[in-house]
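Each remark here refers to the structure printed beneath this line.
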Amino acid sequence: MPSLRRPALLFAVCGLVAMLTFLQTSEKSITYHFAKTVQNPLNVLYFEDMPSPAATEEAIIQPYKRHELTRNINCAAYFQNSSITPLPKIDKRIKVSDKDNIDLSCEAIQSRGYYPNSTDQDDYPIAFARVVYKDYQFQEVAFRADFAPNNVFCYTIDTKAKPEFVDKLLALAKCFPDNIVIAKEKFDVLQNGKNMIAAHLACLNELASKNYNYVFLLQNSDMKSKTNPETVEILKILNGTNDVSALHASPRHINPKADYSLKGLAIFRNATLNQRKTTPKGRNIRIHPTKSFVQSIISRQAVDYIQTELDLTKFIKRLESNPYGFDEGFFGTLNNNPTLNLPGGYTHECLEKNIEYEALTRLTLWENIEEMNKKCHSRKFRHTLCIYGLEDLFFLDSQPHTVVNKFLSEFDFGAIDCMAERMHNRTYYGTPGGFDLSTYADQPHVIYNRMKQEGRANEFKCFNTNITSRT
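Numbering-wise, the sequence shown is residues -25 to -1, 1 to 446 according to mature numbering (1 follows the signal peptide of the UniProt record, and there is no 0).
Structure representation (structure tokens):
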């Protein structure tokens, strides 16, 4: 009998020790990081693997909760290089609709995601200004992917939005009153870009009382492809620089004969500044219309400057007198004309030398550009833009852009859910991302602003990058 008691006693003691260890661990405050970082000799940060969450306190963090229709998708397989490992066959794409009946109680909304009370990035809040009209379940997924306790989100609702979408969005806002605001005015945003500027400005006004370092200007079908911790590191590298493209504006977008003089636009609230001339007896200074994308990242200093120093009434009216794409000329022009003195802006001298710059905010693949067309593996296009599916995830995951456009719930919600799960795992479990931070530090507009802060802007040499063509 004694020989039988010893193993039993030993088993009981081990069980008691294990239980006490678990209780002690459970009571500890949880600290989570998106990845280990190391400094190389050039002081460039790279993302590395975290230890397995099974061996750390990160294991307590809730796993990503997928939609009931996407739970059987092998998401990890679609983040593998298809040239090495063939992708699983997609027999049927998962589609969801605003007509779907989902539980909109706060308890249900919060149970569908992981919303931590604090993060390592609490001292660096970010804002998001998004113009929306459909795809509530996509909006909820995008919101929780970008959620941090101090981040703020503004939604301007397009008048095209159906009641079932609006009701769902209002329910989301009600559950997160400290994080979400809905712009008071709705706008009829047209396909040619009309009212998009006003819709974003309405959100910026709503966010005026909020604390944030940068604001992302987004549209309905945009999804962030970088986690909140990764985004904070990127924005710190920008260090006040606005991420806005500098592209030539075609006559289709900008009327080259229109009056874009400071006097004609009356763009400064200080009227004296509008009277400036090229020389004492020369003509009034003229700004150069410049194209960008609507999706941009704007510093808080730039937003405050626009709201307090500039009168945009005539400028917007002048832009909207064109037939198409004038919303793309708004921040492009404000940011790329040093005469306007926008904080974090870029020089126009590069465009004068025919050197364009495409910002890293938005990744878009165009059907009518052969090199990009080949990279749209879903082979689905809408208005000449690639609609991403599961087969595009490996490519998207390796790109440095912070936002990808576009995802549609009505085409492939599985791709949306898998992308969000990937971001969740990178945030809380250390799954590595396929990029390094030196990409952002080496961008021309970042270098220009760094030199400007050092008083050496006149030494800046224009150059271009070709990020989007990466394989």
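Yeah, the Cβ is synthetic: ideal placement off N, Cα and C, and Gly gets one too.
On the CB-based measure, 16 or more other CB atoms within 10 Å of its CB, does residue i come out buried or exposed?
i, result
"R431", "exposed"
"E434", "exposed"
"E429", "exposed"
"K436", "exposed"
"Q166", "exposed"
"S80", "exposed"
"D417", "exposed"
"M206", "With the sequence shown as reference, residue 206 is identified as Thr, and Met is not the correct amino acid for it. The residue in question, T206, is buried, as its Cβ has 16 or more Cβ neighbours within 10 Å."
"K199", "buried"
"G257", "exposed"
"P419", "buried"
"N154", "buried"
"I59", "exposed"
"E303", "buried"
"N56", "exposed"
"A51", "exposed"
"R354", "exposed"
"K427", "buried"
Counting only the same chain and skipping the five closest in sequence on each side, list residues whose C-beta sits under 6 Å from that of residue i.
i, result
"L191", "A small correction: the amino acid at residue 191 is Phe; Leu does not occupy that position in the sequence shown. Only F103 and I272 meet the Cβ criterion."
"E161", "Sequence check: residue 161 is Lys here, not Glu. Excluding positions up to five away in sequence, the list reads I132 and T134."
"M398", "A120 and T202"
"R68", "D387"
"N348", "E342"
"C150", "C81 and I84"
"Y89", "Q37"
"H223", "none"
"T440", "none"
"N18", "At N18 the pLDDT is 33, less than 50, meaning the model places this residue with poor confidence; the figure from the coordinates comes in the next sentence. No residues qualify anywhere along the chain."
"F438", "P419"
"N125", "D97 and P100"
"H352", "E366 and D367"
Within its chain, find whatever has a CB closer than 8 Å to the CB of residue i; leave out the 5 residues flanking it on each side and keep chain order.
i, result
"I260", "S236, L237, R251, K252, T253 and T314"
"D286", "A241, I242, F243 and R244"
"L317", "N217, A277, Y280, I281, L309 and N310"
"Q270", "F191, L192, L193, Q194, D197, T336, R337, V378 and N380"
Given residue i, which residues of its chain have a CB within under 7 Å of its CB, disregarding the five upstream and five downstream residues?
i, result
"F356", "E342 and I362"
"V106", "T131, D133, V164, M171, A174, H175, Q194 and N195"
"K350", "L340 and F370"
So, helix, strand or coil for residue i, using DSSP?
i, result
"H175", "helix"
"D97", "coil"
"V164", "coil"
"residue 461", "This structure cannot settle anything about residue 461, because the visible part of the chain is limited to -25 through 446."
"H228", "coil"
"P220", "In the sequence under discussion, the amino acid at residue 220 is Ser, which differs from the Pro named in the question. Note: S220 maps to coil in three-state DSSP."
"G430", "coil"
"L309", "helix"
"K292", "helix"
"N125", "coil"
"C50", "helix"
"L338", "strand"
"Y332", "strand"
"L62", "coil"
"F370", "helix"
"T283", "helix"
"F435", "coil"
"L44", "coil"
"C361", "strand"
"F268", "coil"
"A136", "coil"
Would you please state the rounded distance, in angstroms, between the beta carbons of residue i and residue j? I believe it to be under 8 Å.
i, j, result
"L309", "I281", "7 Å"
"D110", "T134", "D110 to T134, Cβ: 16 Å. No contact."
"Y423", "L213", "Not a contact, Cβ separation roughly 12 Å."
"I391", "F140", "Not a contact, Cβ separation roughly 16 Å."
"Q96", "P204", "6 Å"
"H228", "K289", "No, H228 and K289 are not in contact; Cβ-Cβ is about 18 Å, not under 8 Å."
"Y187", "I101", "6 Å"
"V127", "K70", "Actually they are not in contact, since the Cβ atoms of V127 and K70 sit about 31 Å apart, beyond 8 Å."
"G389", "T45", "5 Å"
"A221", "G300", "Wrong, their Cβ atoms sit about 16 Å apart, outside the cutoff."
"K381", "D197", "7 Å"
Who are residue i's beta bridge partners in DSSP?
i, result
"M198", "V379"
"N154", "None; N154 has no bridge partner."
"Y189", "I101 and S274"
"S72", "Answer is none; S72 lacks a bridge partner."
"Y130", "R105 and I157"
"R425", "DSSP output for R425 lists no bridge partner at all."
"S236", "R261"
"K252", "N259"
"F356", "C361"
"Q243", "Strictly speaking, residue 243 in this sequence is Phe, with Gln absent from that position. In DSSP, F243 forms a bridge with L285."
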